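Residues are numbered in our numbering as their position in the sequence shown, beginning at 1, plus a constant of 61. Here a beta-carbon is modelled for each residue, glycine too, at the ideal position from N, C-alpha and C. For clarity, every value in this text was computed on a predicted model and none was experimentally measured.
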Amino acid sequence: MRTYAIGDIHGHIGLLTEVHARIAADRARTGDATAPVVHLGDLVDRGPDSAGVIEYLRKGIEAGEPWIVLKGNHDRMFYSFLDDIRYHDPGLRSDLGWLHPRLGGAATLASYGIANPGDRPLAPVHQEALAAVPQAHRVFLETRPTWVRRGDVLFVHAGIRPGVPMQAQSEDDLVWIRQGFLDDPRDHGFLVVHGHTALDAPTHYGNRVNIDSSAAYGGPLTSVVIEGRDVFRLTEAGRVPLVP
């Protein structure tokens, strides 16, 4: 069973189209046009064109592309801010909000044409955001699944709570977890492919594969292809095995 996967995008539409081109090249070499592409969430924040990323993925799915887009914590913070100006995500420290410079929400609103969203009073920024962000984008983000399983591989944004059945996992863990998952060496019964925790390069840990290669911070955007439980990083030169 083949599946493609793409790590945390964070508003980088140029990087996203580049990795989709690599996937298209791999399809052409192997003759497979049907294997799905799983995007691991965090479509928005920090990068220059979150609005463009959402529209690109939304339109692609609408046109019939075999794409699956999962929900990340940054995606949840964005639509929840639009739903309620007082919203504070339970995964965030109490002294941080979505528009804090560390989170990158201001860059997302700027991509919708809102001027200086991080430097003005919150109420007018919120009102402008409600007017500027298309309802289709809000619905798209709110309705993203939090995980998908393909054979022996589970795809999720942040990770899972080890030992908890998938149907009983909390969304907070699926989009935020680090401690308790990253440090757990057990086999989970499937290979977990995730992002959320930025690294310099994609890394295979045996029981999990982290493909967040720090696009949010100037790094590359990683795409991989998985055949069974074998993982290959996609490069301009083709497939490169990613092994523990």
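- Counting C-beta pairs closer than 8 angstroms gives fewer than three between the stretch 151-160 and the stretch 85-102, which falls short of the contact rule.
- Annotated as distal: Arg239 and Thr264, with beta-carbon spacing of 8 angstroms or more.
- Of the other Cβ atoms in all chains shown, 16 or more fall within 10 Å of the Cβ of Thr207; this residue is therefore buried.
- In this structure the stretch 209-220 does not touch the stretch 158-169; the number of beta carbon pairs closer than 8 angstroms is below three.
- About 5 angstroms separates the CB atoms of Ile67 and Ser284; that is less than 8 angstroms, so the two are in contact.
- Cβ neighbours of Ile84 within its own chain (closer than 7 angstroms, five residues either side excluded): Tyr65, Val98, Ser284, Leu295.
- The three-state secondary structure of Pro109, taken from DSSP, is coil.
- Bridge pairing for Asn271: His255, Thr264 [DSSP].
- For Gly299, the closest alpha carbon among the candidates Val286, Asp291, Pro305 is that of Val286.
- Exposure of Asp244 is indicated by the presence of fewer than 16 other C-beta atoms within 10 angstroms of its C-beta.
- Looking at Tyr278, His161, Val130, the one whose alpha-carbon comes closest to that of Arg210 is Val130.
- DSSP places Trp208 in the uninterrupted beta strand (DSSP E) bounded by 208-211.
- Counting of Cβ neighbours within 10 angstroms places Val304 among the exposed residues, the total staying below 16.
- By the CB criterion at 8 angstroms, Leu76 and Leu282 fall inside the cutoff.
- About 19 angstroms separates the beta carbon of Asp136 from that of Val186, a gap too long to meet the 8 angstroms contact definition.
- By the 16-neighbour rule on beta-carbons within 10 angstroms, Asn134 is buried.
- Out of Pro151, Asp110, Met62, Val200, the CA that lies nearest to the CA of Asp93 is found in Met62.
- Counting only the Cα atoms, Arg181 lies some 32 angstroms from Leu235.
- Sequence-distant Cβ neighbours of Leu202 in its own chain, meaning closer than 6 angstroms and more than five residues away, are Asp136, Tyr140.
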